[in-house]
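Take a look at the structure below.
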């Protein structure tokens, strides 16, 4: 038989697991057919970018081709509750995040990328009803 304290701890652990599962279950589907190559702008490392997001539009994708193999940091700055994804050359999501885990709601992704490979970076607001300008960098 479990003591009251053990039951409370067990209940708290189950509640935390359910919360994490719910957060992790949220996904964004990037449909490759929705993005023709002409619609996708290529971006460079170290340059500040601004993306205007309207509520009626899908996630905005950008093409990025690393000039070296290594870890890259893709992040938004002071833009509200933002969402970022890194996709492979077939536009399959490699990694995604809705915020950096700090008090700010900006996203922050650090990931290993290969020199010369094509990657697609997606920028959007986490809440579909949000619109505005997202400032971000690699």
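Residue numbers (this note's numbering): 1 to 138. Just so it is clear, CB atoms sit at the ideal spot from N, CA and C, and this is done for glycine as well.
- Residue environment: residue 122 is assigned as buried (16 or more neighbouring CB atoms within 10 Å of its CB, all protein chains considered).
- Apart from sequence neighbours up to five positions away, the residues of its chain that approach residue 114 with a beta-carbon distance below 8 Å are 66, 69, ordered along the chain.
- The residues 48, in chain order, have a CB closer than 6 Å to that of residue 137 in the same chain once the five nearest residues on each side in sequence are set aside.
- For residue 64, DSSP records a beta bridge to 119.
- Ranked by Cα distance from residue 84, the first of 78, 60, 71 is 60.
- Residues of the same chain with a CB within less than 8 Å of the CB of residue 43, apart from the 5 flanking positions on each side, are 49, 62, 63, 64, 121, 138 in chain order.
- For residue 51, the number of other beta carbons within 10 angstroms of its own is at least 16, and it is reported as buried.
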